[in-house]
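Asks: Counting in the working numbering, the sequence shown runs from 146 upward without gaps.
Encoded as structure tokens, here's the structure I'll be asking about.
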Amino acid sequence: MNKLLIGLATLILFSCNTEIKNDNENSKNQPNLKTEVNGKIKVLNFGTAHLSQTSDANSSQINLNDPNEKADLKKLVEKIVEFKPTIICLELEPKNNDYIASTFSEYVKDQTKRLNYSDELNSIGLEVARLSGTNRIYGIDSQTGFNYPSLIEIANKNVADSLYISKVMDNYQKVNALKFKEQFKTINTRDYKMETFNLYNVLATQHTTGNQEGVDEITKFYQRNLKMYSNFNDIEMTENDRVFILLGATHTAYFDIFLENNPKFQLENPNTYTEY
């Protein structure tokens, strides 16, 4: 019970209800991608794990002091650079845009100058920007809090729901323990993102008699993602732009749904960029 209460709070950025699957999944793992742009803005919606400075009780165990892990990070960045992004969106709030811009101008000259947030924003976000030659980097996050432990307490009163949550957390631990390359492959599969998306829908169904606690709490998370999507759409873009979004895996699940149903955008297959 205590393990579940601690663990679920981490799922805002990085949740899992999937067994570790073979990397060569068929097309059911992918969004409804089109093969031609036809005037649409290409978007690479990419899920990430926290690489440092996270307050999560259960977090990724990737050690970037390991030369092999650092080498895989470099290869991933080089692969994403092949997308040739002109705009990069990070999991920071728009109020940080001036800070992002000033830090990046220093980072281009000296890579020890970093954003004071979890290191994927630097090691992936800023590095992709530096190598791509773009300085159009924007925060699109919208912070919000919600009460997960109360929903777990309700879920634990039902055997089936309690077992489901336990399986989520067990699989989440498995993903956290993966090496860099396999972890990033896993969190960017369609199955992973849609199953973590479903977790929040399951939590929304948890309630006591005559109440709707689950709906009330998960509405806050839906609102956060919609605000992020609104922030994203505030950015000026044309069909000549190519947009790289770097977010926690659960947020990418919501963005997949938002973007693939918007005729303005064409989603890029993220799995293409985890094969190196």
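Where is the CB? At the ideal position from N, CA and C, for every residue including glycine.
The beta strand (DSSP E) that contains Asn190, what's its start and end?
Replies: Start and end: Ile186 to Thr193.
Asks: Since Ile245 contacts Leu235 with CB under 8 Å, what's their CB separation in whole angstroms?
Replies: 7 Å
Asks: Could you have a look at Glu405 and say whether DSSP puts it in helix, strand or coil?
Replies: The three-state secondary structure of Glu405, taken from DSSP, is helix.
Asks: Taking only runs of the beta strand (DSSP E) that begin and end inside the region 281-329, which ones reach a length of at least 3 residues, in chain order?
Replies: 282-284
Asks: So the candidates are Asn321, Leu391 and Phe366; which of them puts its Cα closest to the Cα of Phe377?
Replies: Leu391
Asks: Taking 9 Å as the cut-off, decide whether the C-beta atoms of Leu189 and Pro415 are in contact.
Replies: yes
Asks: Of all the options Asp286, Val320 and Ile310, which has the alpha carbon lying nearest to the alpha carbon of Leu348?
Replies: Taking each of Asp286, Val320 and Ile310 in turn and checking the Cα distance to Leu348, the smallest one comes out for Ile310.
Asks: Pick from Glu420, Thr231, Asn261 and Lys319: whose alpha carbon is nearest that of Ile479?
Replies: Any question about residue 479 goes unanswered here, given that the chain covers just 146 to 421.
Asks: Assuming the contact rule is C-beta atoms closer than 8 Å, Ile269 and Thr193 should be a hit. Round their C-beta distance to whole Å, please.
Replies: 6 Å
Asks: Taking the alpha helix (DSSP H) that Leu344 belongs to, which residues open and close that run?
Replies: For Leu344, the enclosing alpha helix (DSSP H) covers residues Arg335 to Ala349.
Asks: Within its chain, find whatever has a CB closer than 8 Å to the CB of Gln288; leave out the 5 residues flanking it on each side and keep chain order.
Replies: Glu238 and Arg369
Asks: Could you give the DSSP three-state label for Ile232: helix, strand or coil?
Replies: strand
Asks: In terms of residues, what are the limits of the beta strand (DSSP E) holding Lys256?
Replies: Sequence check: residue 256 is Gln here, not Lys. Run containing Gln256: none; DSSP gives neither H nor E here.
Asks: Decide if Asp401 is buried, meaning its Cβ has at least 16 other Cβ atoms within 10 Å, or exposed.
Replies: Buried, because 16 or more other Cβ atoms sit within 10 Å of the Cβ of Asp401.
Asks: Locate the alpha helix (DSSP H) running through Ile225, then write down its first and last residues.
Replies: Run containing Ile225: Pro212 to Val226, per the alpha helix (DSSP H) assignment.
Asks: Measure the C-alpha to C-alpha separation of Lys319 and Ser247 and round it to an integer number of angstroms.
Replies: 38 Å
Asks: Can you give the beta carbon distance from Ser205 to Gln328, rounded, assuming they're within the 8 Å contact cut?
Replies: Between Gln328 and Ser205 the Cβ distance is about 7 Å, and since that is below 8 Å, they are a contact.
Asks: What first and last residue would you give for the beta strand (DSSP E) that runs through Ile363?
Replies: It is not in any beta strand (DSSP E) - Ile363 instead sits in the alpha helix (DSSP H) that spans Glu358 to Asn378.
Asks: If you reduce the DSSP assignment to three classes, tell me which class Gly446 lands in.
Replies: Nothing about residue 446 can be reported from this structure: the residues present for the chain run from 146 to 421 only.
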